[in-house]
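Here the sequence shown is numbered in full-length UniProt numbering, starting from 1 and rising by one per residue. All remarks here apply to the structure that follows.
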Amino acid sequence: MRPNQFVGHTLQSHGAKLARVHMHDWLILLLLAVIDGCLNLIEPFHRYVSSDLMTDLKYPFKMQDTVPMWAVPIYAVILPCIIFMIYYLYKRDVYDLHHAILGLAYSVLVTAVITDSIKDAVGRPRPNFYYRCFPDGVAVFDPMNGDVLCTGDAKIIKEGYKSFPSGHSAWSFAGLGFLAWYLCGKIKVFDKRGHAAKLCIVVLPYLFAALVAISRVDDYWHHWTDVFAGSILGCVVSSVCYLQFFPLPHYINGWATHAFNRIVEENGFHTEMETAHLRNEQLGPTATDGTSDLDILENGRRK
Numbered sequence: 001m002r003p004n005q006f007v008g009h010t011l012q013s014h015g016a017k018l019a020r021v022h023m024h025d026w027l028i029l030l031l032l033a034v035i036d037g038c039l040n041l042i043e044p045f046h047r048y049v050s051s052d053l054m055t056d057l058k059y060p061f062k063m064q065d066t067v068p069m070w071a072v073p074i075y076a077v078i079l080p081c082i083i084f085m086i087y088y089l090y091k092r093d094v095y096d097l098h099h100a101i102l103g104l105a106y107s108v109l110v111t112a113v114i115t116d117s118i119k120d121a122v123g124r125p126r127p128n129f130y131y132r133c134f135p136d137g138v139a140v141f142d143p144m145n146g147d148v149l150c151t152g153d154a155k156i157i158k159e160g161y162k163s164f165p166s167g168h169s170a171w172s173f174a175g176l177g178f179l180a181w182y183l184c185g186k187i188k189v190f191d192k193r194g195h196a197a198k199l200c201i202v203v204l205p206y207l208f209a210a211l212v213a214i215s216r217v218d219d220y221w222h223h224w225t226d227v228f229a230g231s232i233l234g235c236v237v238s239s240v241c242y243l244q245f246f247p248l249p250h251y252i253n254g255w256a257t258h259a260f261n262r263i264v265e266e267n268g269f270h271t272e273m274e275t276a277h278l279r280n281e282q283l284g285p286t287a288t289d290g291t292s293d294l295d296i297l298e299n300g301r302r303k
């Protein structure tokens with residue numbers, strides 16, 4: 001019996017069991033979403049801004065973004081999920097689909113919580129802060145300490161204190177960075193056969209994320225350091241979240257989930273590129289009822 005005879009389970013046959021095994025993971029994901037929502041409601045720290053510090057904050061204030069906020073979930077979440085679904089329709093592996101979506105969701109939401117927490121704590125003014133604070137162009141400062149006394153719209157001023165780090169950059173690299181890792185494993189970029197053309201496919205998500213990040217500087221919504229920090233943050237979180245569910249792409253069976261590699265090892269099956277370091281792969285958390293991914297796979301094989 002070959003591995004694909006017991007790993008190729010569908011949403012109908014094993015989707016419910018897999019969801020129960022990872023129920024606590026989805027609940028934590030929901031909690032992260034609530035936390036991020038609360039972080040967007042609170043008032044950020046208002047950093048001291050004197051007339052001298054306004055020199056670098058007088059860039060034009062453009063209400064329309066080159067890449068609007070509503071577009072971020074489309075290219076950073078929905079697009080990768082469509083690719084995950086296409087692969088599922090080809091392989092019928094519900095474990096790959098589930099782990100890819102769960103990993104992507106954690107990548108984006110963990111990045112969002114970290115990014116918005118730092119934004120609120122730092123309170124760095126955006127490059128266009130002057131015209132957010134003084135839409136009529138007339139500056140007003142506190143005669144006692146020299147701090148700004150903004151006369152603009154409160155919501156616009158609030159967003160003006162959220163420059164560091166760049167949310168667009170962080171979320172773009174979190175979602176598209178995870179997709180790049182996923183593609184790297186699936187098309188076997190590091191199969192030691194020297195097909196460098198595959199690298200172009202993997203680089204595309206990073207290139208698009210980089211262009212989004214650059215647009216934030218071009219729109220004068222962020223300093224370059226905001227964009228750089230957000231991009232690094234998104235790259236790091238996406239890497240950690242991907243490796244939680246999948247092995248490094250250059251590993252033997254680097255295209256598969258940890259669950260697949262584990263069941264192959266435990267049952268003594270050999271795929272075309274399997275070697276001894278499958279023994280180093282570990283399964284994810286066990287369900288509250290003691291059931292693991294391995295148990296589900298074993299039960300599916302016996303059936």
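Just so you know, even glycine gets a beta-carbon here, dropped at the ideal spot from N, CA and C. Given the structure is predicted, the values throughout are model-derived calculations rather than measurements.
Check	Outcome
DSSP state of V148 mapped onto helix, strand, coil	strand
Close beta carbons around V72, own chain, < 6 Å, minus the five adjacent residues each side	W171
Backbone secondary structure at F45 - three-state DSSP	coil
From T151, D191, T111 and W26, residue whose alpha carbon lies closest to that of P135	T151
Beta-bridge partners of F141, as assigned by DSSP	V148
Coil, strand or helix - T66 by DSSP	coil
Alpha-carbon spacing of D36 relative to A105, whole angstroms	13 Å
Nearest-angstrom Cα separation, counted from I28 out to A19	13 Å
Residues near G160 in its chain [Cβ-Cβ closer than 7 Å; skip 5 each side]	P125, R126, F129, R132 and C133
Coarse secondary structure for G194, derived from DSSP in three states	coil
CA nearest to the CA of L102, picked from P247, L199 and M23	M23
Contact the stretch 185-193 vs the stretch 249-257: 3+ CB pairs below 8 Å	yes
Beta-carbon proximity of F178 to S107, cut-off 8 Å	yes
Test item: CB-CB of F141 and S239 under 8 Å	no
Per-residue DSSP class, three states only, for S166	coil
Through-space distance from Y251 to F84, alpha-carbon basis	20 Å
A16 versus Y95, A100 and L30, residue with shortest Cα-Cα distance	Y95
Sub-8 Å separation of H223 and S169 beta-carbons	no
Span separating the alpha-carbon of A209 from that of R92	30 Å
Beta-carbon proximity check, T115 vs P68, cutoff 8 Å	no
Run of the alpha helix (DSSP H) containing V189, from where it starts to where it stops	Note, V189: premise wrong, no alpha helix (DSSP H); not H, not E.
Environment of P143 [buried if 16+ CB atoms lie within 10 Å]	exposed
H195, buried or exposed, once every other Cβ within 10 Å from all chains shown has been counted against 16	exposed
Secondary structure, alpha helix (DSSP H): runs of 4+ residues fully inside the stretch 84-130	94-122
Buried versus exposed call for I42 [16 or more other C-beta atoms within 10 Å across all chains shown]	exposed
CA-to-CA distance, V217 to V113, given in whole angstroms	22 Å
Straight-line gap, G137 to K119 (C-alpha atoms, nearest Å)	26 Å
Exposure label - S117; buried when at least 16 CB within 10 Å	exposed
CB-CB length for P80 against K158, believed under 8 Å	With a Cβ gap of about 31 Å, P80 and K158 do not count as contacting.
Coil, strand or helix - N261 by DSSP	helix
8 Å contact criterion, which V77 and C241 should meet: CB distance rounded	Incorrect: roughly 13 Å between the Cβ atoms, too far for contact.
F245 to H99 span [Cα, whole Å]	6 Å
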